[in-house]
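The opening residue of the sequence shown carries number 797 in our numbering; numbering runs sequentially from there.
Ideal Cβ placement from N, Cα and C applies to all residues, glycine included.
See structure below.
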Amino acid sequence: MDLGAEEFEQNLPFLQELVQEADFVGLDIEFTGLRSSLPGPQQISLFDLPSEWYLKTRQSVQQFTICQIGLSVFSTIEGEFNKYVAHSYNFFLFPTTFGILDSEFSFQASSVQFLNQYGFNYNKFLKNGIPYMNEEQEKKIKHNILTGNWRVRSSLDKDQIKVVIDEVTRWLDLAEEGDRMTLPGIAGFQAFEVQLVLRQALPNIWTMLKDQGVVVKKVSRQHRWYLENASCDRASCWKEQILLSARGFSVFFQMLVKAQKPLVGHNMMMDLLHLHEKFFRPLPESYDQFKQNIHDLFPVLIDTKNVTKDIWKELRFPRVSNLSEVYEVLSSNLNPTKNSGPVIVHASKCEKYAQNKCPHEAAYDAFLCGSVLLKVAHLLLQRVHSSGPMPEPSFPQYLDVLAPYVNQVNLIRAGVPKINFSGPDYPSIRPPILILTVRRWPGASEQQVYREFQNLCKFDVRRLTRSQFLLLTNKFKDARSILKEYRCHPTLQVSLYRYWRHSPNINCVLQVCGVVTTWALLAFLLGRSRS
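What follows is the structure, encoded as structure tokens:
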């Protein structure tokens, strides 16, 4: 089900109840861009520590924004054996533009082309996107609304506001007290903004928000004073309504946090970074602080990429390259528990995906995340009870067998394969670093070295000295292959990197120690000869 601003406000109470009663929530997010084009040293690399990777990626998250969030809410069906119902929703988002709040963000051409290829609805994103803001933005706009210190900007620009005021003013000249007019096509928190402007500009009118739009009524000044002080429409209460409407999806985000349900994604690190930046607070400079904040918001995270990557080879499933392929394998006869696993049905009004595959549509991918989780958990549960009868499966039992993977989120292109959000990160299990010594190739660059090896395998390259480069891959077989091919090469000699042997800093210290030792020995010998 696709939700823009109007549909979201109508469905918010139901969504809150849905999340509160859920077992877990599947998540996927689409962005206006993934990574900004930064200079070489600022690009992510297999050499990066998690903290370095975070600081580099933080810049891209601040540059791009969310255009669609997909949530698939999974709940056990009472009285049914291992059966779940999934409510899947696409939320089209657009940053709040209200008063002084006017966000800036970028589009990346490749991301736009990618989403367009899969039928993304840019009109709904741009014209009817649900507003949102983080806590810092909320504090600023709340202060300005409650103090009356705000000005029209972006959401309905000054020219449009002027047209509305002129239209109402012309109508007032001919209207009698008690007459009404309707301004159609204005909805959401923008309707509150129009009302606020009209009430400030015209002392003899009153405004109301109805289904058909903003209704303007001509009233006397005495009646206006009465309406302003009526308990049902006091200014402070009315301005709180404006703030609530302007917060938009951020209201639901807080409901999601409060519910404390397990959050499930696939390669979800970028999703978590954007959730923090867009709905909670700007990303901190401290990597450890970021981890702690996310753990406080979502105490139970499960990354299906991390789970499936760990067990895939053990189960001898065919190689897969994306979430859809993972789902297809687990739904096929290759899965030994296909017929005994959990049954998943789509809720009414959310049956779009029952017959249609919609890859890279956020709600569809969120549904796949949740389905993959249940299927893999059932496999693990069966393996635990392989020597005896398996008890009747339940979601708490699934969580128990998934415990080793909880809060372990996959990390793409970094010095460690995953981040642990509930404790210290695990040490690297990457292949060893290799060192390339270049001979008879003056002025060789990192890019030239990369191109030299790219036909065999892909390495990240980092210059160590004028004639030496460090090579790092995430595949052990690639490291073994290069060592074998280039160990005795006449111009490109590759060997294992040893810090104490190859580090320029260590070599410098050893050279200094050698010089000092030589001079000390010489001084000792000269002093001895004189005596």
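Three-state class that DSSP yields for residue i in the structure shown
| i | result |
| --- | --- |
| residue 842 | coil |
| residue 1166 | helix |
| residue 1100 | helix |
| residue 1133 | coil |
| residue 1205 | strand |
| residue 988 | helix |
| residue 902 | coil |
| residue 1271 | coil |
| residue 1049 | helix |
| residue 936 | helix |
| residue 919 | helix |
| residue 1001 | strand |
| residue 1057 | coil |
| residue 896 | coil |
| residue 1090 | helix |
| residue 1065 | helix |
| residue 1179 | helix |
| residue 877 | coil |
| residue 1216 | strand |
Residue i versus residue j - alpha carbon distance
| i | j | result |
| --- | --- | --- |
| residue 1131 | residue 1122 | 11 Å |
| residue 1264 | residue 1231 | 7 Å |
| residue 905 | residue 1145 | 34 Å |
| residue 830 | residue 908 | 11 Å |
| residue 977 | residue 902 | 40 Å |
| residue 925 | residue 862 | 10 Å |
| residue 870 | residue 1170 | 10 Å |
| residue 950 | residue 898 | Low per-residue confidence applies at residue 950: pLDDT is 45, beneath 50, and the placement is therefore not dependable, though the value from the model is reported in the following sentence. If you take the alpha carbons of residue 950 and residue 898, they lie about 7 Å apart. |
| residue 1181 | residue 1240 | 58 Å |
| residue 1244 | residue 838 | 18 Å |
| residue 819 | residue 1202 | 15 Å |
| residue 1113 | residue 1271 | 19 Å |
| residue 812 | residue 942 | 27 Å |
| residue 952 | residue 1269 | Here residue 952 scores only 49 on pLDDT, less than 50, and its place in the model is too uncertain to base an answer on. |
| residue 935 | residue 929 | 10 Å |
| residue 1036 | residue 940 | 12 Å |
| residue 884 | residue 1117 | 24 Å |
| residue 1237 | residue 1082 | 41 Å |
| residue 1277 | residue 1214 | 25 Å |
| residue 792 | residue 900 | This structure leaves residue 792 out entirely; the chain is present only between 797 and 1327. |
| residue 931 | residue 1242 | 43 Å |
| residue 1107 | residue 1226 | 18 Å |
| residue 1038 | residue 988 | 6 Å |
| residue 867 | residue 878 | 21 Å |
| residue 1133 | residue 1139 | 12 Å |
Of the residues the options, the one placed nearest residue i, counting alpha carbons only
| i | options | result |
| --- | --- | --- |
| residue 1007 | 803, 939, 1043 | 803 |
| residue 967 | 797, 1014, 1248 | 1014 |
| residue 1126 | 1150, 1174, 1095 | 1174 |
| residue 846 | 1258, 1206, 1284 | 1206 |
| residue 1105 | 1172, 929, 1043 | 1172 |
| residue 864 | 1270, 1255, 1071 | 1071 |
| residue 1283 | 1184, 1233, 1260 | 1233 |
| residue 1137 | 1168, 1158, 1100, 1157 | 1168 |
| residue 1085 | 1096, 1224, 1220 | 1220 |
| residue 1157 | 916, 827, 844 | 916 |
| residue 995 | 1023, 1278, 981, 972 | 1023 |
| residue 1110 | 1179, 1042, 1049 | 1179 |
| residue 872 | 1223, 1254, 1242, 1194 | 1194 |
| residue 827 | 1124, 1009, 849, 887 | 887 |
| residue 892 | 1045, 1278, 1147 | 1045 |
| residue 1165 | 1228, 1128, 1209, 1064 | 1064 |
| residue 960 | 808, 1010, 922, 1000 | 1010 |
| residue 921 | 801, 815, 1293 | 801 |
| residue 1062 | 1150, 823, 879, 1223 | 823 |
| residue 882 | 1161, 1274, 1095 | 1161 |
| residue 1152 | 844, 1102, 816, 914 | 914 |
Bridge-paired residues (DSSP) for residue i
| i | result |
| --- | --- |
| residue 910 | For residue 910, which the question treats as bridged, DSSP gives no partner whatsoever. |
| residue 825 | 865 |
| residue 882 | 870, 1142 |
| residue 804 | Residue 804 pairs with nothing; no bridge assigned. |
| residue 1264 | 1233 |
| residue 1257 | 1267 |
Contact with chain D by residue i, beta-carbon distance below 8 Å
| i | result |
| --- | --- |
| residue 1122 | Of the protein chains in the structure, only one exists, and it is not chain D. |
* Does the pairing of the stretch 848-866 with the stretch 1182-1194 give three or more beta-carbon distances under 8 Å? -> no
* Should the stretch 991-1005 be regarded as contacting the stretch 1051-1062, the criterion being three or more beta carbon pairs within less than 8 Å? -> no
* To do: Answer yes if the stretch 1274-1291 comes into contact with the stretch 1242-1260, meaning at least three C-beta pairs across the two stretches below 8 Å, and no otherwise.
  => yes
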